[in-house]
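Okay, so here's the structure we're looking at.
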Amino acid sequence: MGAPMKNSRQRNAILECVMRHHDHPTADIIYQELRESFPNISLGTVYRNLSLLTSLGKIMKITCENHADRFDGQTKPHAHFECKSCGCLQDIPFKPSIHPQEEIGAGFDGIISDYTITFRGYCAKCAKNSD
């Protein structure tokens with residue numbers, strides 16, 4: 285078993301930044317915000333800490349189709365909506381009538397530990413502008 289993770293001011297600031305955003309920031313957005321408090325922080329430091337926080341289950345990484353990866357402080361299962369036009373990413377209410385892990389897992393030779401659901405389409409603003 286490895287040594288306990290050392291706490292750092294930069295890592296804590298990165299986690300706090302992700303947690304206070306509800307718009308699922310990119311690593312670049314987090315980097316730009318943190319430069320005000322940590323002028324010497326590097327983008328590599330932000331990426332390494334986002335990766336570590338994701339692997340520890342403190343945040344969630346959301347891979348977007350045709351847009352930069354986003355980060356979410358809400359780690360409980362929920363669904364997202366990604367706009368194909370502007371790339372906005374929103375939490376949306378989703379209460380499945382079945383438990384996908386159990387239903388799909390019944391016919392799968394393995395263990396499903398988690399899942400993500402992302403709906404794609406056009407947000408209200410982009411849908412309105414296309415009329």
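Under our numbering, the residue at position 82 of the sequence shown is numbered 366, and the numbers go up by one with no gaps.
Beta carbons are placed, not taken as given, at the ideal position from N, Cα and C, and that holds for glycine.
Asked: Pair within 9 Å by beta-carbon distance, residue 355 and residue 302; Found: yes
Asked: Residue range of the unbroken beta strand (DSSP E) whose run includes residue 367; Found: 363-367
Asked: Supposed contact pair residue 342 and residue 299 - C-beta distance, whole angstroms, cut 8 Å; Found: 6 Å
Asked: Whole-number beta carbon distance between residue 297 and residue 322, since they are thought to touch under 8 Å; Found: 7 Å
Asked: Rounded straight-line distance, which links the Cα of residue 309 to that of residue 325; Found: 17 Å
Asked: Residue 374 - containing beta strand (DSSP E), residue span; Found: 373-376
Asked: Residue range of the unbroken beta strand (DSSP E) whose run includes residue 345; Found: 344-346
Asked: Exposed unless 16 or more other CB atoms sit within 10 angstroms - verdict on residue 350; Found: exposed
Asked: Enclosing beta strand (DSSP E) for residue 402 [first to last residue]; Found: 401-405
Asked: For residue 354: DSSP bridge partner residues; Found: 346
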